[in-house]
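For reference, the structure discussed in these notes is given below.
Residue numbers (the working numbering): 1 to 415.
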């Protein structure tokens, strides 16, 4: 009896060690394949590999660095739960053979913000089509909300948790952040195959339910950007709404009155927005009315749990807005004549340039050339100013010794 018990203990221990070793080796092989698959666009650091006999695989303290971004996405723990040890081994041997139900949870996700989140070669090659959501956030109305503005709002990074649950009847996913709200997706019938991600939309004919919560961010953005643009919040909202309409017209659509009203409300107040979208349908399933065709079609939308009727698009002839050639520089004179800070260009010292990172500046060189844009970095010998060029931002290095005058756009304050 004692021999039998000893044999069973040894067998159990060997089985446990064999399971742990097999999981580690298979996980390392699959992650190596993943690194090779994305090596043209980014780098995966898998971190530590751990596993549990309940069917869990855990990666600890890893990251992903996309070559287009200046900062990596880091995670504290990434937990894949297959439900059983056999299902876990099967999934690692063949990632296409996932169990009917599984989950993936990311804890302590972190993306630190920088004043210039995208590489110069990315922004320089940006699409010229007007963006649908790109709030004006500066005296030049071509200057839009960026990571530098979020930093000045006190959002130094985006952190939170993510969860993906594959059920037998569909897919559920959520991303919850500390200071930027959350998004939830419930997609009946959808089946996620990690080896065939483009085929996700074809795995079901059902629409997905998407719920957005801004967490109070939109109110802060509206107040900040209107102040930086030198206009009242209502006027700022009108400028952003016009840009939204221009973006739709460039794509051959116009928005219904209710859609415009909903967008305006979301811009200034935020809140909870729930809508049904279909990624496999044109325009993600948003109804497009064309004369008498689809005259009664409406998008299923709820705002703060209340149904919103009359949300749809109309088909129009595509029309691209003209890009202004000159900067828009509204100047408010110093009525008191006291020489205090006014809304406009105010001289500053290059020694203090680092304190103005992220702000709109104008640099006049000794040869008379003028560079105007967003200050993105400063060191002992040079500064970099990002300018809008061909629909994107390009950062220009400037030697500080060649700077004749350095000016900062200020919105006007009383001394």
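Cβ atoms here follow ideal geometry from the backbone N, Cα and C, with glycine treated the same way.
The structure presented is a predicted model; accordingly, all values stated were derived computationally and were not measured.
**OP:** Look at residue 161 and residue 109 and say whether their C-beta atoms are less than 8 Å apart.
**Re:** yes
**OP:** Express the C-alpha separation of residue 19 and residue 196 in angstroms, rounding to a whole number.
**Re:** 28 Å
**OP:** May I have the straight-line CA-CA distance separating residue 245 from residue 277, to the nearest angstrom?
**Re:** 20 Å
Original post:
Under the three-state reduction of DSSP, which class applies to residue 12: helix, strand or coil?
Top reply: helix
Subject >> Proximity of residue 132 and residue 259 at Cβ, strictly below 8 Å >> reply: no
Subject >> With 16 other Cβ atoms within 10 Å as the buried cut-off, status of residue 186 >> reply: buried
Subject >> Option in 180, 306 and 171 with minimal Cα separation from residue 155 >> reply: 180
Subject >> Where the alpha helix (DSSP H) through residue 265 begins and ends >> reply: 257 to 269
**OP:** Grab me the residues of residue 148's own chain with a C-beta within less than 6 Å of its C-beta, minus the 5 sequence neighbours each way, in chain order.
**Re:** 115 and 358
Original post:
Taking three-plus beta-carbon pairs below 8 Å as touching, is the segment 267 to 274 in contact with the segment 294 to 304?
Top reply: yes
Subject >> Beta-carbon spacing of residue 360, residue 374 below 8 Å >> reply: yes
Subject >> Ranges of the beta strand (DSSP E) found wholly within the segment 40 to 83, counting only runs of at least 3 >> reply: 42 to 45, 48 to 52, 56 to 66 and 73 to 81
Original post:
Just reading off the alpha helix (DSSP H) that residue 227 is part of, what are its end residues?
Top reply: 217 to 228
**OP:** Leaving aside the five residues before and after residue 190 along the sequence, list all residues of the same chain whose C-beta is less than 7 Å from its C-beta, in chain order.
**Re:** 170, 171, 200, 203 and 204
Original post:
Just the Cα atoms here: how many angstroms apart are residue 313 and residue 113?
Top reply: 35 Å
Subject >> the segment 77 to 88 in contact with the segment 97 to 108 per 3-pair CB rule at 8 Å >> reply: yes
**OP:** Tell me, to the nearest whole angstrom, how far the beta carbon of residue 135 is from that of residue 221; I am working on the premise that it is less than 8 Å.
**Re:** 6 Å
**OP:** Kindly give me the distance between the Cβ atoms of residue 159 and residue 177, rounded to whole angstroms, as I take these residues to be in contact under 8 Å.
**Re:** 7 Å
Subject >> Proximity winner among 310, 261, 72 and 145, relative to residue 296 (alpha-carbon distances) >> reply: 310
Subject >> Residue closest to residue 35, alpha-carbon to alpha-carbon, out of 211, 66, 70 and 206 >> reply: 66
Original post:
For the alpha helix (DSSP H) that residue 188 lies in, which residues bound it at each end?
Top reply: Taken as a continuous stretch (DSSP letters only), residue 188 belongs to no alpha helix (DSSP H), being part of the beta strand (DSSP E) at 182 to 188.
Original post:
Identify the residues that DSSP records as bridge partners of residue 21: which are they?
Top reply: Its beta-bridge partners do not exist; DSSP assigns none.
Original post:
Could you give the distance in angstroms between the alpha-carbon of residue 42 and the alpha-carbon of residue 292?
Top reply: 48 Å
Original post:
Which partner residues of residue 160 appear in the DSSP bridge assignment?
Top reply: 109 and 177
**OP:** Confirm, please, whether the CB-CB distance from residue 288 to residue 356 is below 8 Å.
**Re:** no
Subject >> residue 93 versus residue 53 - alpha carbon distance >> reply: 17 Å
Original post:
Taking buried to mean at least 16 other C-beta atoms within 10 Å of its own C-beta, is residue 140 buried or exposed?
Top reply: buried
**OP:** List the residues that DSSP assigns as beta-bridge partners of residue 398.
**Re:** 383
Original post:
What's the C-alpha gap between residue 78 and residue 13?
Top reply: 27 Å
Original post:
Residue range of the beta strand (DSSP E) that residue 208 falls in?
Top reply: 208 to 213
Original post:
Residues bridged to residue 242 by DSSP?
Top reply: Bridge partners of residue 242: none, in fact.
Subject >> Local Cβ density within 10 Å of residue 129, reported as buried at 16 or more and exposed below that >> reply: exposed
Subject >> Straight-line gap, residue 223 to residue 252 (C-alpha atoms, nearest Å) >> reply: 31 Å
Original post:
With which residues is residue 405 paired in a DSSP beta bridge?
Top reply: 364
Original post:
Between residue 354 and residue 74, what straight-line distance do the alpha-carbon atoms span, to the nearest angstrom?
Top reply: 27 Å
Original post:
Anyone know if the C-beta pair for residue 346 and residue 410 falls short of 8 Å?
Top reply: yes
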